[in-house]
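Residue numbers (the working numbering), protein chains in the order written: chain W, 30 to 382; chain E, 30 to 382. Here is the structure we will look at.
Number of protein chains: 2
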Amino acid sequence: MTVRIPVEELQRFVTTVFTRAGLPEEDAAISAEILVAADVRGFDSHGVARLDYYVGRLEAGAINVRPTIRAVAETAATVVFNADNAIRFVSGYRAMRRCIEKTKESGICLATVRRSNHYGIAGYYATMALEEPGMIGVSMTNATPLVVPPFARDAFLSTAPIAFAIPAGKERPLVFDGATSTVAWGKIEIARRTRQPIPLGWALDAEGKPTTDPFAARYLTPLGAFPELRSHKGYALALLVEVLCGQLAGGVWAKYVGGSRSQTIGPSGTGHAFMAIRIDVFRPLEEFLADMDDMLGELRRARPAEGAERVLVPGDLEYETEQERRANGIPVHPEVLEKLRDIAERYAVPFPA
Amino acid sequence: MTVRIPVEELQRFVTTVFTRAGLPEEDAAISAEILVAADVRGFDSHGVARLDYYVGRLEAGAINVRPTIRAVAETAATVVFNADNAIRFVSGYRAMRRCIEKTKESGICLATVRRSNHYGIAGYYATMALEEPGMIGVSMTNATPLVVPPFARDAFLSTAPIAFAIPAGKERPLVFDGATSTVAWGKIEIARRTRQPIPLGWALDAEGKPTTDPFAARYLTPLGAFPELRSHKGYALALLVEVLCGQLAGGVWAKYVGGSRSQTIGPSGTGHAFMAIRIDVFRPLEEFLADMDDMLGELRRARPAEGAERVLVPGDLEYETEQERRANGIPVHPEVLEKLRDIAERYAVPFPA
């Protein structure tokens with residue numbers, strides 16, 4: 030049976046584990062907040078299900094727990110950070126924080142980060158912009174190679190997610206967080222846990238053929254899934270993310286990103302890109318918010334297709350999941366629970382369930 | 030039989046037609062250059078096949094031929110233009126030109142444009158950045174509603190294309206220009222001209238059902254094509270384009286964009302967004318170009334999948350088409366040729382074929 034754990038208790042547990050694994054108090058709290066945010070929003074694949082991975086890398090000394098995250102090149106509206114092999118949550122958080130501060134002054138900022146680490150949800154950093162009045166946030170990252178370009182045999186690209194958050198007035202904001210591959214690898218992991226077949230087009234097997242068996246899945250397809258459904262577009266978007274997070278940050282591109290889930294040693298060299306935009310340098314904020322309300326309202330109240338229940342705006346399901354889970358706790362799959370209990374025991378941290 | 034017309038002759042013809050239809054000399058030349066660039070690069074759907082549409086709108090007085098394109102809000106790294114109902118080629122060209130100039134100073138610039146008109150290829154404006162040393166260009170536009178959100182019954186969004194151009198050193202640049210829908214409407218038009226069925230997933234019929242008949246096609250799907258292949262991602266990307274080109278520009282979003290191909294009167298209110306990034310504010314340009322060469326070279330020389338010939342980088346096919354067409358002329362489909370000859374006769378302009 031799936032156990033439910035209250036959000037705050039889960040965060041407290043993860044914070045303590047991260048502290049015992051070597052992170053300073055503040056960094057442990059930031060990391061726990063962002064890791065558990067994945068579970069809160071319903072990205073079960075990217076939350077505490079991966080705590081063992083982070084702990085493993087911390088234990089192996091693969092992550093620098095006392096990094097000096099520094100700006101190595103900076104103008105009024107741009108900045109490049111060297112994350113000094115920090116845990117990704119902390120480098121991402123600090124880079125987006127600075128990106129937001131710079132945007133308050135300059136109206137826009139593009140921040141890139143090299144020598145970071147990976148996983149966690151891209152969306153968290155984008156939604157940080159929503160805490161400011163009238164700001165749009167964008168977040169991207171590269172990761173280890175998993176995605177096969179159209180007509181290629183091997184994986185060269187990462188799932189290269191793009192997240193963005195755009196405020197509205199009375200309507201809930203527009204928030205998207207998704208891989209530029211058809212699905213993120215976590216969706217394959219979930220299908221394995223639930224023993225469900227996957228739709229044809231999500232993944233390729235070891236021979237590079239499309240498969241519906243999650244256990245045979247080894248590579249992912251770019252968004253579009255098949256060349257005739259225009260998977261070259263997902264491929265192109267992945268390359269854009271790759272260039273902003275890799276080459277423009279002075280780091281490496283997916284093929285040379287290390288530290289995949291099967292590797293616990295060595296720095297991964299992941300790169301990120303963040304952007305923030307101050308709306309009122311373009312037009313009065315109130316007008317923008319009213320126009321967003323009109324669009325989002327029309328979409329949310331649009332006539333559904335035959336057999337469909339309703340039309341969603343990106344972020345709606347995550348918002349509803351968040352409300353429900355904050356009220357009732359995070360459902361933790363038995364396999365994940367077992368891993369968490371094991372970590373609790375090893376670190377002698379009381380486990381909340 | 031398909032006739033071939035040399036690029037320069039076709040440009041000269043279009044320039045003269047635009048001049049006779051009321052555009053000032055310089056604006057006619059810019060418009061002809063960008064319109065024919067679509068044919069040169071192989072976007073046959075967006076080139077002279079649509080000359081009758083532009084001429085029709087000019088004849089109907091739907092486009093302002095003496096616009097005052099002015100910046101209505103500006104900071105060092107941002108600018109908003111009111112295009113004053115100019116023909117899109119000219120508003121796009123001038124906005125991207127200014128965006129590039131500002132980027133030379135500030136390292137990055139985001140320019141939005143409202144009250145413009147539509148069609149033409151987004152890629153042209155993005156590739157303008159490649160004429161500068163070490164600059165990345167991005168271009169987006171909205172247009173009339175054609176794309177149905179997942180689970181919806183009606184078209185709310187435009188094909189909302191995103192184009193970007195990223196320079197390399199010895200390798201050819203990375204250039205992408207594509208709709209965030211599975212395909213652009215022009216692909217349906219081409220299938221109609223060639224009497225070919227279309228792949229399931231590209232389009233929906235009048236009842237909102239997927240169809241393979243290009244003549245029954247009425248709406249388009251977001252990239253991803255089907256909900257289970259994650260068409261909510263194409264939908265989200267279309268919304269991002271929509272917000273940057275619509276709400277952030279102070280214009281309208283797709284549902285309220287007018288001037289579709291069946292309407293020749295009234296302003297369309299289309300919006301655009303352009304971005305440019307100066308690479309050397311992030312890192313030394315030579316290093317960036319060398320890293321791009323490594324990635325693009327590895328992709329272009331990657332092992333192909335079984336049955337495939339080679340792996341492409343976005344922009345490769347368009348580059349090869351351009352080389353071939355500059356050498357041998359633009360192939361013009363008989364139906365298009367007929368329309369062009371008709372225009373030539375009406376405007377008493379000698380037609381090159």
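In this text, a Cβ means the ideal position worked out from N, Cα and C, and glycines have one as well.
Identify the continuous alpha helix (DSSP H) that holds residue i and give its terminal residues.
| i | result |
| --- | --- |
| residue 357/E | 345-357 |
| residue 299/E | Element bounds for residue 299/E: not the alpha helix (DSSP H) but the beta strand (DSSP E), 299-307. |
| residue 163/E | Element bounds for residue 163/E: n/a, residue is neither H nor E. |
| residue 49/E | 36-49 |
| residue 314/W | 314-329 |
| residue 262/E | 260-274 |
| residue 386/W | The shown model of chain W, from 30 to 382, leaves out residue 386/W, and the question about it has no answer. |
Hey, does residue i have any beta-carbon neighbour from chain W nearer than 9 Å?
| i | result |
| --- | --- |
| residue 219/E | no |
| residue 215/E | no |
| residue 178/E | yes |
| residue 348/E | no |
| residue 133/E | no |
| residue 261/E | yes |
| residue 271/E | yes |
| residue 2/E | Because chain E spans 30 through 382 in this model, residue 2/E falls outside it and cannot be assessed. |
| residue 320/E | yes |
| residue 243/E | no |
| residue 252/E | yes |
| residue 73/E | no |
| residue 165/E | yes |
| residue 342/E | yes |
| residue 276/E | yes |
| residue 296/E | no |
| residue 317/E | yes |
| residue 37/E | no |
Specify, as a first and last residue, the run of the beta strand (DSSP E) that residue i falls within.
| i | result |
| --- | --- |
| residue 103/E | 99-104 |
| residue 107/W | 107-111 |
| residue 206/E | 203-207 |
| residue 193/E | 191-195 |
Kindly say whether residue i, judged by its beta-carbon, lies nearer than 9 Å to any beta-carbon of chain E.
| i | result |
| --- | --- |
| residue 153/W | no |
| residue 116/W | no |
| residue 56/W | no |
| residue 286/W | no |
| residue 312/W | yes |
| residue 230/W | yes |
| residue 299/W | no |
| residue 257/W | yes |
| residue 353/W | no |
Which of the three DSSP states, helix, strand or coil, is assigned to residue i?
| i | result |
| --- | --- |
| residue 91/W | coil |
| residue 378/E | coil |
| residue 177/E | coil |
| residue 72/E | coil |
| residue 140/W | strand |
| residue 156/E | helix |
| residue 33/E | strand |
| residue 223/W | helix |
| residue 342/W | coil |
| residue 187/W | coil |
| residue 52/E | coil |
| residue 233/E | strand |
| residue 363/E | helix |
Enumerate in chain order the residues of its own chain whose CB-to-CB distance from residue i is below 6 Å, with the five nearest sequence positions on each side excluded.
| i | result |
| --- | --- |
| residue 360/E | 31, 33 |
| residue 152/E | 192, 206 |
| residue 58/E | 44 |
| residue 331/E | 340 |
With a CB to CB cut of under 7 Å and the five nearest residues on each side skipped, what residues in its chain are close to residue i?
| i | result |
| --- | --- |
| residue 184/W | 174, 175, 176, 177, 248 |
| residue 298/W | 144, 280, 281, 285, 286, 287 |
| residue 230/E | 211, 239, 250, 254, 255 |
| residue 136/W | 307, 310 |
| residue 318/E | 196, 197, 198 |
| residue 325/W | 197, 200, 203, 342 |
Ordered along the chain, which non-local residues of its own chain (more than five positions away) have a Cβ less than 8 Å from that of residue i?
| i | result |
| --- | --- |
| residue 262/W | 251, 252, 253 |
| residue 169/W | 151, 189, 190, 191, 192, 270, 273, 274, 301, 302, 303 |
| residue 368/E | 78, 80, 81 |
Three or more C-beta pairs below 8 Å linking the stretch 188-203 of chain W and the stretch 99-108 of chain W: no
Three CB pairs or more closer than 8 Å across the stretch 306-313 of chain E and the stretch 277-285 of chain E: no
Cβ contact (3+ pairs, closer than 8 Å) linking the stretch 216-233 of chain W and the stretch 217-237 of chain E: no
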